[in-house]
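Trainee: Residue numbers -13 to 108, in the numbering used here, belong to the letters of the sequence shown in order.
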Amino acid sequence: MSQPDVSYCCGSCGYPLNLTSSNRITSNIASEYQKSVKKGSISFASVDLSRFTQIDEINCFPVSWFYRSKTKLLCRKCGVHIGYGYGGESHALCGFESPTSSSSQRKFTIKIRSLQPSSEES
């Protein structure tokens, strides 16, 4: 028996985020998924970015040629912090190119306490 998809909205104001449980990253269900849930977050493969205000944050560590880019995701309606998006092409902003990075690999980590199930039917 399969469970129906759950749609989520902002836990503070109820704004629909167009975020569904079918987009969760559960490939490592036994280890990484359980660890992230214990930390209070869920990872998603895709989100509807039009539903969020985005603030880019880039940390560059040129000594080790390591970069970490993340985008803070805020509810577009009330501005509460919902989670982060990781990945993208921001390595060029650090002043160097990384041949091993892939701009197509994106991951979105959403705080569980920032969500509530949507009452609307999709």
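Every residue gets a Cβ at the ideal spot worked out from N, C-alpha and C, and that includes glycine. What you are looking at is a predicted structure, and each value in this text was computed from that prediction instead of being measured.
To the nearest angstrom, how far is the alpha carbon of Thr57 from that of Phe38?
Mentor: Taking the straight line joining both Cα atoms gives about 11 Å.
Trainee: Which residue's Cα is closest to the Cα of Ser8: Tyr(-6), Lys97, Arg99 and Arg62?
Mentor: For Ser8, the nearest C-alpha among the options comes from Tyr(-6).
Trainee: For Lys97, report the span of its beta strand (DSSP E) as first-last.
Mentor: Taken as a continuous stretch (DSSP letters only), the beta strand (DSSP E) holding Lys97 covers Arg92 to Lys97.
Trainee: Which same chain residues, not among the five before or five after Lys97, have their C-beta less than 8 Å away from its C-beta?
Mentor: If we look at Lys97 and ignore the five residues flanking it on each side, its Cβ neighbours are Gly26, Ser27, His67, Ile68 and Gly69.
Trainee: Between Ile41 and Lys93, is the Cβ-Cβ spacing less than 8 Å?
Mentor: No, Cβ-Cβ distance for Ile41 and Lys93 is not below 8 Å.
Trainee: Would you give the residue range spanned by the beta strand (DSSP E) that Ile68 belongs to?
Mentor: Taken as a continuous stretch (DSSP letters only), the beta strand (DSSP E) holding Ile68 covers His67 to Gly73.
Trainee: Considering only residues of the same chain and omitting the five flanking positions on each side of Arg99, which have a CB-CB separation below 8 Å?
Mentor: If we look at Arg99 and ignore the five residues flanking it on each side, its Cβ neighbours are Gly(-3) and Gly26.
Trainee: Grouping DSSP H, G and I as helix and E and B as strand, with all else coil, what is Arg37?
Mentor: Reduced to three states, the DSSP call for Arg37 is helix.
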